[in-house]
Structure formats: C-alpha cells, structure tokens
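Below: one structure, written as structure tokens.
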Amino acid sequence: MRRQYPFHLIEPKWQRSWRDQDTFRAFDPGERIPEAHPFRRRHGRALAPSAADAYAAKAYLLDMFPYPSGAGLHVGHPEGYTATDILCRYRRMRGLHVLHPMGWDAFGLPAEQYAMDTGTHPAVTTKKNVDTFRRQIQMLGFSYDWRREVNTTDPAYVRWTQWIFLQLFKKGLAYESEVPVWWCDGCKAVLANEEVNADGTCDRKGHAGVYRRPLRQWILRITAYADRLLQDLELVDWPESIKEQQRNWIGRSEGAFVDFALADGAAAGEKLRVFTTRPDTLFGATYMVLAPEHPLADRIVAPSHKAAVAAYRADAARKSEVERAALEKEKSGVFTGSHAINPVNGERIPIWIADYVMMGYGAGAIMAVPAHDERDFAFAKQHRLPLRIVVHPKDGGEALGFTGEGVSVESGLLTGLSTWDAKRKITAWLVERGVGQAAVQYKLRDWLFSRQRYWGEPIPIVHCPKCGSLPVPEEQLPVLLPEMREYTPTGNAEPPLAKATDWVRCPCPKCGGAAARETNTMPQWAGSCWYYLRYLDPKNSSAFVDREKERAWMPVDLYVGGAEHAVLHLLYARFWHKVLHDLGLVSTPEPFARLVNQGMILGEDNQKMSKSRGNVINPDEVVAEYGADAFRLYEMFMGPIEASKPWSTQGLQGVSRFLGRVWRLFTDEASVEAFEQSLTLRGHDGPAAEQALAAIRPHAALVDAAPTPDQQAAIHRAIRKVTEDLETLGFNTAISALMVFVNEATAWSVRPRDTMRSFLLLLAPFAPHLAEELWRLLDGQETLAYAPWPAWDSRWLTVAEVELPVQINGKLRDRLVVPAAAAPEEIERRVRENAKIQALIAGKTLRKLIVVPGKIINLVVQDPLPSSAEPADGARDGRLAE
RNA sequence: GCCCGGGUGGCGGAAUGGCAGACGCGCCGGACUCAAAAUCCGGUGUCCCCUAAAGACGUGUGGGUUCAAGUCCCACCCCGGGCACCA
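In case it helps, my numbering puts the first sequence at residues 42 to 923.
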C-alpha cells in the first residue's frame, strides 16, 4: 500500500524531540523540575508533588516487563504496552503525575542454552537481545521514562534481589530441604516442571526416562502467607477469573484431623492420623488408605502381606506424578493386612496403601467413605470394599455416591443433623476425647526456589562445616556469577557453578574458616517479584527503594500483561510484597491495585503465531510500511483489549487509511504534493527531507471561525465518547468515535481551528506522532503531551427533536418525530392522533401504550376476538392449548 | 470431570432490558484518470422479488420472564483457557 503520509519522517522526529526534551520523565517527590519542562508549564510548580501532598493525582501504570528473547519483539507485546501508553498520555493531559517505566526480565534458560551450544556468555546474548527489544519498543513511541529502565541481570539489581532473599532467610522464610526434583539422564540436568512432557520425556532434547531424585533445594515458605494471599484478593480489582485461579491454587479447605488407633501388629495402639473435610461422614468410613510414602506404611504391614506391599511401594516410587495422573482411571492399591479402630464406633476397618492418596497433602492418609466420595467409591468398587450410606440428600435424591451437603443418617449422635451441624458436633466430640481437632489445609506448597543453573542470581549463602548455612554479609552483596567457559551442568547433579572452584571457596563470614558458596541460583521469578518497586528508585545504592518514593508512587494503579502469569508470577510477587510489608519496607498490603490481561494476538489464519506455521507478523516490517501510529492504532482497534483476536493486514490498512484521512483533513494538498516531489528529487530520508516537512501548509479550510452547532455537536460527541471509553479501557470504540468525527469533518468546507485542535487532543494518546505534527502545523507552540484534555459541554449534545421508533406488539412499524423535551403525555397524545398509526391499528383494541421518552413507543394491541375458531395473533395467552 | 471466559453479517467487532449489526475490512456502483493505483461520493444482514415498495425472518439450540430480550432466568450444544485423584 502506498504511504498515506510521511510518517517515516514525522515519527523519528517526534521521538527525538521527546527524548531530547525529557518529555516523559517522571519527577520524584520533591524533585526540582527544570523550567523548560512541559510538566512545569502545565502545573506551574517548580517541585514535584511529595507524598505529603496526598498524591491523589498520581498514576502508576505498569506493563509486565518482557523477557528479551532472541526472536525480537512479537506483535503481542505492544498490545498491552500501547494500552498503557494511551492511558498514560491521557492521564498526563488530565493533569495527573504519571509513572510509566519499562525494563528487562533478562535471566532465563534460552540464553543459558545458547551458551551451552555456542560458548557465548549469556550476558553477551542478553545484552544483544535487550538492545533489539529496546530499539523495537522505542520505535513505537511509547512514553516511558527511560531513566528508570531496570535489568534483572544488572549487578546493581541482583544485589537487591539477593538482599531481599536474605530478609526472607532471616525471617525463617527460606530453608533447605531434600526434595525430589526432575532429573534427565540425557541432559545430565535438573529439569523444571514445565520441561517435563506428559509422557515422561524431556522437553528440551526429547530424552526418555526423566525421573525424580531427591536433591538439596532452597524452599520459600509461601505457605505461611497462604491465608493472607487468599484473603487479600478481596482488596484488589482484578479479573474474577484470575482471582479464582489463585484461590484454586491456594486451595484452602476446612476440615478436621482425626486419629484412628492402629489395631494390629507391632504398631498396635499407635495413632493413625487422617485429614478429612467431611468429619460428619466418620460413621461411613469402611477402610483407610495410606500414601505409599507414608512413614507408618512399613510398620503396620502384616507379615503375610509384606511382599505385596513392598512391591507396590517400589512401583509407586518409580512412577512419576505424571504417570500417576495418566492412570487416573484405575485406582491401584494393596491391602496391608492390618486394621485401625474407628474412634466413633470402635469398628475395625482395613488399612490399604494406594497411590491416589498423596503424601504431600493433609496427613498423607485418609479415611475412605466410599458412599460419599467419588475417588473412594471408584476404589471400593474396584477392590470390592463395603460401602455405607450415612448422608441423605435433602431433596430425597440418590444417596449412594452423594457428595453434597445433606442430612446425616445412621450416624449415632449425628443422625438427623444437617451436614454443617454434624461437622461441628463431631469435631467438638473428637476434641473432647482428644482424638481429633479442627484443621485448615492448603493445596499450596512451599515454593521450590533453587535452580541448578548458571544464568540466575546466585543464592547469597555460605556453607561452613562448623557454622552451617549463613547469609553472605549485606555489604558483600551482590554475589556475582563467576566467568566460566563451560556452562553444561556436571553429571553428578551439581549446578554448573560447582565447577567454578575458586569462586565456591570462601571464608566463613562467622568463624573465618574454609567455607563454600551456595551454588544453586534463583529461579527467573525472583527478579520479577519486585521490579515494580525498583522502578521507583532505580539508582539507589543504599536501599532497594527509598521509603518516601515508595509511599509516593505505590500501589501500581494498573498492571497490564498476559494471562499466562495468572498464578505464578502474580502470586510470588504478592508473597514477596507482603513479606516486605511485614518488614515495614513497603506501605501497601498489595502491589497491584488493578490488573488487566490483554488477549492474545493470533495469526491471520486464526492460529497462534509461530515460526513453524509461518504466520508470524514482524513489528519492524509493519512499522516500516505503515508507521508506528498505524500499528498502535490498529492493535487497539482490533477489538477489546482482553479478547484474543486474529491479525488482519487489511484491517491494518483500514486504520492506516484513517490516519491518511486525518492528515488530509489538516494539510494543504498542493503543498503536500510539492513536498512529495521534493522527496522524490532529493531523497526520502535524512535531515533535508525532514526539513521539507516545514513547507507543508495547513488546509485552506482551517480558519478561525466560530463552529456551527452541528460542528459543535460533532466534536463534543467525540470528546464525550472518547473520554468515557478511555476510562473503561474501551479503546476500540474510542477509535471508532474518532473515525466518526473524521467522516463528518471531511465534508466540512470550513473547519474551525478550535474544533480541529480539540480533535487533535483526542487523537494524541492514540496516534501521538501524527497528533504532535498536526498540532505544530496549527501553530501549536510546544508538545501537546501536557495539553489539557478537552471537556465536553452537554449544551451541544442536546437536540431539539428526536425520532422515536414506534412499535406495535414489539415490532417496528413507524417513526415519530417529537420535540426532545416532550412529556410522555404529550407524546402519547401525538401517537393517538397520528393518522398512520391509527391506520396501522385500525380495527384492533389498544390495550396499552408504552412511552419511554427518548427511547421508544410501544403499542400493545389485540385483534377483536375471532368470530371463528381461528386463533388470532394474541393466542399466546393460553386459549390455544387443549 | 470441575472452574472461568465466549458463540452476533462474508470477516474483525458495536449495542445502561428500548430502532441489532456503530466503526473498520471486504464486496457492488459512481466520480476523477488515456488507463490503473491512490483518493472522493453512494450502497451493502438474509429471504421473497425483474426492480422497488411492502412484508417475513434474523444474535449457538430449546424453553421461560417482560409491553419489549443479543442483554435477565432454566436446560442443552459447541469453541477457547485454567485446574485435575488435594481427601
């Protein structure tokens, strides 16, 4: 498509201007603002507002920072960035003090994998990728304050990531433990969960036989915050689906621990503890199940069953969780030969071992109530174990397999009680006898925080044979990665850092003796747990963030990013934030007040974009051909921000044409033609070409004339619609309103300057380069980045007459023009007097006349009662049936 | 299986319970042009119909509430995402 207007000159020109003028610099509280800065001119103040100013007028708008991959920017990235940028520009014009930063989540596997393959240091790869991403993001003209750029791999950043880790360690929230981790013999490396395929092969190289082996790991005690992470979801304005996912992930359940006494063998008389959410069904327990890894499993087995149990347990240990899940249908298990005593009725019930019970949850053992639990039911059927119904549904439905709340039956003291009452009563009863207690359990597990990788933050711990695991003294932070030649992990499950022996060896910070550094590194999540705080004070070398700055800017008012981070990143960041909050280091209980997920941008074929499908759209090409403004505008015009939607080059062209129409609305055709000719003659790029822009004159129709009422109505409609839509993030409909205005204004032979200027203000957040250029053309003295947002005047939006649709029995039959201010009675009179309407209802009985002023008129009529048996239209009222 | 989203023209999508389809794409016609592109103007849900008028039908399916339903209620079908033996 032919270039609609010289965006290739306009866009770099304004990007340079914004950079040179520091237009989008966000001033810290109390900071002196240079006299020439447009923020100062707009607000007339020499110092930026401080936290004490109550800061009602700040806006912190945050994008999820990208991992700078080697593939370069994807068209999906700028979707969220454009949305936040539009809002930032809008809020600046509304007079708010805006913070809008960008940075890089730059630790991670691909750079390390590349290092293993080629020997290139990950820092080199990372720098290259960051430079590409920065260039691509900057070419889109986003209004970031680039002084605040952060990079998680920067030593000055790593220092504070490690520092925060040490705060967790000192609070007892970081500990070491032997944990089974995924191990791939082929890669000789530990794999992350997401690197293990469902069939037990490794996702990196496809090696078979990935298995779990126990390794010493660092764990963060996120479970200590489970309740608050759950409860404080109430404090944030997030999509319900994300909150729900977090709730499910945390998985809180209330129930009780119940102690059964072992009846047989060596362990007779000892307690077997189970967790249940349904203590009210205790009378229905017909057997018990231990997880294969349960510590009692060895001791309770009857000699006659030893062999079978040992075989089963060995088998279960080999099975990965993946396999266990794959075999979901069959419920394998083995009888131990021994029994336990049900505390409520003294019954002896058999104890089984089965891998449908997990060691990691509750007590690692359950009482099975097959009549009222699906899993127990399936297991009991398979192994022919008895069932006993102890709950009846209240609606009298089928009791067998009923898992809902109902009424207890055949349950001794519980009989006749509702589930809720029965739970309370039996729990009290158990507590009284010392055989149980109320308990809350979570699905959420502690966070496995160490990785056996090179390209991550070293965990700042020193292991001393005498003094144990000690934190690296804060003044020695950061602990930086050693230079290495070989990044491939050793075969003995040690992290790559273990090979840097000089680096590992260090004095014990306590006794000064020979000690060794921790060689595990942190996961990629670490840096992203707190980057939004570092933006507030990126250069601070004495604290991770200054208290005053933190109080001034937090919380993040709007956080935009992909839904793939619904649980992990957002939960981890909330966790760290709460720890920092408890330490008194941050002022808000939650970091992100509002969250919006942008949808995915699919390829033109409606499939996920991927190299292999060949449907990837490259932002560089789009910008070269259509310009950054068209690219931004198109991404916002595609549809609602949260929706997934396919790319369409034709759609992009439509938006590009719209910008061309805007250009032609403002520019003089002859002078543009002369300009284009000069480009052809003297080259399309370079300073001379850019200079030539100055020769373009405004359109002759642009005059200092008073707008007509129609023109006022057009611009004020647009102002209202765009303003309202921006508040609700309705970017696509806001752009539609801009188009409607341009369609109208194109027909105007007189285009009042003030009206057209207002339009440019509305356009500015969406297509900032073009808006700036046309603003300048209209004698704008300086950037419109801080120009006051226009207000609409409803005076221009009221019309004298309105056309009301007239319905008869709900069907559109006519229209009636009435004065807009007409009272319902007046409208009703006109309807009754209207000849056409009279004709339409001739011979019928008018039952009801509904007038909704400004909206609609509906006449409910009925045919005269039919003389024959033929049912009329109105037969709906039951006369028909027989 | 469970929990979230979502099904509207040829396509992307608009519609506080009140004229379904704003805006854009595509398509059709016209103007400009030697011609094409670009641009500008007009039309464009489906059916019926030579055309028009008029009419009928139309928001996944079936029911319901209402003067009035894309929108609210019930049941179901399909698509997308998440979780998946958590006792």
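Where a beta carbon is used, it is the ideal one built from N, C-alpha and C, also for glycine.
Consult DSSP for Ser110 and reduce its assignment to one of helix, strand or coil.
Three-state result, Ser110: coil.
How is Phe301 classed by DSSP in three states: helix, strand or coil?
Three-state result, Phe301: strand.
Taking the continuous alpha helix (DSSP H) assigned at Ala715, which residues delimit it?
Glu710 to Arg723
I'd like the span of the beta strand (DSSP E) that includes Gly447, first residue to last.
Gly447 to Ser449
Assuming the contact rule is C-beta atoms closer than 8 Å, Met679 and Gly692 should be a hit. Round their C-beta distance to whole Å, please.
7 Å
Euclidean distance between Cα positions of Ala786 and His740
13 Å
If you draw a straight line from the alpha carbon of Glu605 to that of His413, how long is it in whole angstroms?
C-alpha of Glu605 to C-alpha of His413: approximately 36 Å in a straight line.
Between which two residues does the alpha helix (DSSP H) carrying Tyr155 extend?
Leu150 to Thr159
For Thr824, count neighbouring Cβ atoms within 10 angstroms of its own Cβ and tell me buried if that reaches 16, exposed if not.
buried
What are the residues that DSSP puts in a beta bridge with Pro793?
Residue pairing of Pro793 in beta bridges, as defined by DSSP: Val744.
Taking only three categories from DSSP, how would you classify Phe206?
helix
Is the beta carbon of Val251 less than 7 Å from the beta carbon of Cys225?
In this structure, Cys225 lies closer than 7 Å to Val251 by Cβ.
Is it buried or exposed for Pro47, if we count other Cβ within 10 angstroms and need 16 for buried?
Counting every other CB atom within 10 Å of its CB across the protein chains shown gives Pro47 a total of 16 or more, marking it as buried.
Using the Cβ count rule (16 or more neighbours within 10 Å means buried), how would you classify Leu128?
Counting other Cβ atoms within 10 Å of its Cβ, Leu128 reaches 16 or more and is therefore classed as buried.
Figure out for me which residue from Pro536, Tyr353 and Trp617 has the closest Cα to the Cα of Tyr572.
Checking every option, the nearest Cα to that of Tyr572 belongs to Trp617.
Please report how far the alpha carbon of Ala910 lies from the alpha carbon of Lys885, in whole angstroms.
Only weak support exists for where Ala910 lies, its pLDDT of 39 falling under 50; the value from the coordinates is given anyway. The alpha-carbon atoms of Ala910 and Lys885 are separated by roughly 18 Å.
Assuming Ile682 and Ala124 form a contact by the criterion Cβ under 8 Å, report the distance between their Cβ atoms to the nearest whole angstrom.
5 Å
Do you know offhand how far Leu818's Cα is from Arg798's?
Straight-line Cα distance between these residues: approximately 10 Å.
Does Arg920 pass the burial test, meaning 16 or more other C-beta atoms within 10 Å, or should it be called exposed?
Because the pLDDT at Arg920 is just 31, under 50, the model does not fix this residue reliably, and the point stays unresolved.
Can you check which of these residues, Tyr131, His138 and Leu150, is closest to Tyr108 by C-alpha distance?
Here the closest residue by C-alpha is Leu150.
Hey, could you find the ends of the alpha helix (DSSP H) Ile289 is sitting in?
The sequence as given places Asn at residue 289; Ile does not occur at that position. Glu281 to Ile291 is the extent of the alpha helix (DSSP H) around Asn289.
Where Met677 falls, given that 16 or more other Cβ within 10 Å makes a residue buried:
buried
Would the beta-carbon of Thr64 fall within 7 Å of that of Ala826?
yes
For Ile394, write down the residues that DSSP places opposite it in a beta bridge.
Paired residues: Leu331 and Val375.
Just to confirm, are Arg314 and Phe298 a CB contact at a threshold of 7 Å?
yes
Measuring alpha carbon to alpha carbon, tell me which residue in Val398, Gly378 and Val385 is nearest Pro391.
Gly378
CB Ser569 to CB Asp273, shorter than 7 Å?
no
Ala404 (DSSP reduced to helix, strand or coil):
coil
Does the Cβ-Cβ distance between Lys464 and Asp321 come in under 7 Å?
Contact annotation: Lys464 and Asp321 have beta-carbon atoms nearer than 7 Å.
Please report the residue range of the beta strand (DSSP E) in which Ala557 lies.
Ala555 to Arg558
Every unbroken beta strand (DSSP E) inside the region 580 to 630 [3 residues or more]
599 to 603
Start and end of the beta strand (DSSP E) containing Tyr483?
Gly477 to Tyr483
Bridge partners - Leu103, DSSP secondary structure assignment
Tyr600
The alpha helix (DSSP H) with Val781 in it runs from where to where?
Phe772 to Ala786
Could you give the distance in angstroms between the alpha-carbon of Asp745 and the alpha-carbon of Leu609?
Taken atom to atom, the span from the alpha-carbon of Asp745 to that of Leu609 is near 57 Å.
Distance between beta carbons of Val520 and Pro501, contact taken as under 8 Å:
5 Å
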